[in-house]
């Protein structure tokens, strides 16, 4: 192989590696204020959400997630199911353990068009919450973000799992109305 | 033969460079993904409750920052920010003249940078400190517990989701200190109930 050919192949390899690396590190949300960006609710782009649980999740968090999915989301017009492979999912659920984080868990739209999100990642912080009901409430909360719901503060008269800082179970009538209108 | 040897050696050098550059490009991000939004451990209904719940409150200036540990999961991993602060005015608790603060960058709060003057509501860092430098390390209580101070001494809350924080935007430092003293007095008199600590998974 000539030196020129070697250089050409090497440069091509470099561009491929750079492109892949940048893809992995790219900020998925573009600039502030764009669709699906921070504090701008966006929602799942289909009518049937397929959930996948990372193998590290553990039975307590899988059970809480399944409880939230089947008891709180399935009664709405947004149908859900679970799948065995991440590649087949619309919502992938992970766990992490960080007592120094400020969060119990978070929701992250990985891929979107406008305000429609094609793939969500949900993360639960296993450093906290030892009660099943609190884990179920957190799953209800984070999964609620995938439907376009956002936070309430101290909405005690019409409780919802989207409220902070408390841990209510289930969505309130207002939330359900939004979900059913959308899906 | 010599030409062939040069060619092979050249190929090896170029491939090594490509691999090295590729490895550099795959370094973990030094700032969090922009869109993370989550349920915070603490969500305060006002300055009085935040003051009653928070062990350490300081006014300080950031004198150094460096990337900390890698956090996140799967494709979304990034480095925390470890900031050193010169404490200009301790408002509550015993922090020391110089402290360390680790930030995870979640819920849209940008990392502190050198020269930032801030008011921080802090809790002690749990576990081994991010650096072995003898400083006391803290984390911010919540995105509600961080205020930037502009050059004319006005407050800029990092989180303006809550109505009460929105009202504090643009407050003069002297007015904040008056409100903070009133909040401390309320807490001491038992007029406001501190939020309980987040329930640890261990049940502790």
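Chains as they are written, first to last, in my numbering: chain A, 1 to 183; chain B, 184 to 387. Think of the CB as a built atom: it goes at the ideal place given N, C-alpha and C, for glycine as much as any other residue.
Residue i, DSSP secondary structure in three states
| i | result |
| --- | --- |
| residue 22 of chain A | Low local confidence applies: a pLDDT of 32 at residue 22 of chain A is under 50, so the model's placement there is unreliable, with the coordinate-based value given in what follows. Correct three-state label for residue 22 of chain A: helix. |
| residue 161 of chain A | coil |
| residue 346 of chain B | helix |
| residue 172 of chain A | coil |
| residue 333 of chain B | coil |
| residue 361 of chain B | helix |
| residue 63 of chain A | helix |
| residue 181 of chain A | helix |
| residue 84 of chain A | coil |
| residue 117 of chain A | strand |
| residue 372 of chain B | coil |
| residue 326 of chain B | helix |
| residue 55 of chain A | helix |
| residue 144 of chain A | helix |
| residue 352 of chain B | coil |
| residue 131 of chain A | coil |
| residue 384 of chain B | coil |
| residue 126 of chain A | coil |
| residue 137 of chain A | helix |
| residue 72 of chain A | helix |
| residue 278 of chain B | coil |
| residue 264 of chain B | strand |
| residue 79 of chain A | strand |
| residue 153 of chain A | strand |
Any C-beta of chain A under 8 Å from that of residue i
| i | result |
| --- | --- |
| residue 290 of chain B | yes |
| residue 229 of chain B | no |
| residue 296 of chain B | no |
| residue 384 of chain B | yes |
| residue 369 of chain B | no |
| residue 222 of chain B | yes |
| residue 302 of chain B | no |
| residue 375 of chain B | no |
| residue 236 of chain B | no |
| residue 378 of chain B | yes |
For residue i, the nearest candidate out of the options (CA to CA)
| i | options | result |
| --- | --- | --- |
| residue 146 of chain A | A/172, A/168, A/132 and A/182 | A/182 |
| residue 360 of chain B | B/241, B/222, B/373 and B/221 | B/241 |
| residue 326 of chain B | A/95, A/103 and A/80 | A/103 |
| residue 89 of chain A | A/46, A/166, A/153 and A/159 | A/46 |
| residue 317 of chain B | B/345, B/224, B/304 and B/284 | B/284 |
| residue 172 of chain A | A/134, A/73 and A/63 | A/73 |
| residue 94 of chain A | A/161, A/60, A/123 and A/127 | A/123 |
| residue 150 of chain A | A/61, A/107, A/92 and A/126 | A/107 |
| residue 63 of chain A | A/36, A/131 and A/109 | A/131 |
| residue 310 of chain B | A/99, A/136, A/44 and A/69 | A/99 |
| residue 298 of chain B | B/272, B/277 and B/267 | B/267 |
| residue 290 of chain B | B/378, B/383, B/220 and B/371 | B/220 |
| residue 179 of chain A | A/65, A/61 and A/80 | A/80 |
| residue 301 of chain B | B/375, B/331 and B/308 | B/331 |
| residue 355 of chain B | B/333, B/343, B/376 and B/372 | B/333 |
| residue 319 of chain B | B/263, B/344, B/363 and B/269 | B/269 |
Whole-angstrom distance between residue j and residue i, CA atom to CA atom
| i | j | result |
| --- | --- | --- |
| residue 117 of chain A | residue 42 of chain A | 6 Å |
| residue 168 of chain A | residue 153 of chain A | 12 Å |
| residue 25 of chain A | residue 212 of chain B | Unreliable positioning characterises residue 25 of chain A in this predicted model, as indicated by a pLDDT of 27, which lies under 50. The coordinate reading is nonetheless provided below. So the alpha carbons of these two residues sit roughly 6 Å apart. |
| residue 185 of chain A | residue 52 of chain A | For residue 185 of chain A there is no data in the structure shown, the boundaries of chain A being 1 and 183. |
| residue 148 of chain A | residue 321 of chain B | 34 Å |
| residue 215 of chain B | residue 341 of chain B | 16 Å |
| residue 287 of chain B | residue 353 of chain B | 26 Å |
| residue 265 of chain B | residue 244 of chain B | 14 Å |
| residue 222 of chain B | residue 165 of chain A | 8 Å |
| residue 253 of chain B | residue 121 of chain A | 18 Å |
| residue 293 of chain B | residue 248 of chain B | 13 Å |
| residue 33 of chain A | residue 351 of chain B | At residue 33 of chain A, the pLDDT of 40 sits below 50, so the modelled position is not reliable; the number obtained from the coordinates is stated separately. Taking the straight line joining both Cα atoms gives about 22 Å. |
| residue 111 of chain A | residue 36 of chain A | 9 Å |
Cβ of residue i within 8 Å of any chain B Cβ
| i | result |
| --- | --- |
| residue 99 of chain A | yes |
| residue 65 of chain A | no |
| residue 108 of chain A | yes |
| residue 159 of chain A | no |
| residue 164 of chain A | yes |
| residue 153 of chain A | yes |
| residue 183 of chain A | no |
| residue 116 of chain A | no |
| residue 179 of chain A | no |
| residue 168 of chain A | no |
| residue 105 of chain A | yes |
| residue 78 of chain A | no |
| residue 72 of chain A | no |
| residue 57 of chain A | no |
| residue 53 of chain A | no |
| residue 138 of chain A | yes |
Cβ-heavy atom distance, residue i to the ligand COA, below 7 Å
| i | result |
| --- | --- |
| residue 73 of chain A | The ligand COA is absent from the structure shown, which contains no ligand whatsoever. |
Inter-stretch contact (C-beta, 8 Å, three-pair minimum) for the stretch 223-232 of chain B and the stretch 257-268 of chain B
no
Would the stretch 367-377 of chain B and the stretch 337-349 of chain B be scored as touching if the rule is three or more Cβ pairs under 8 Å?
When C-beta atoms of the stretch 367-377 of chain B are compared with those of the stretch 337-349 of chain B, fewer than three pairs fall below 8 Å, so the two segments do not count as touching.
How do the stretch 158-166 of chain A and the stretch 136-144 of chain A stand: do at least 3 beta-carbon pairs fall below 8 Å, yes or no?
yes
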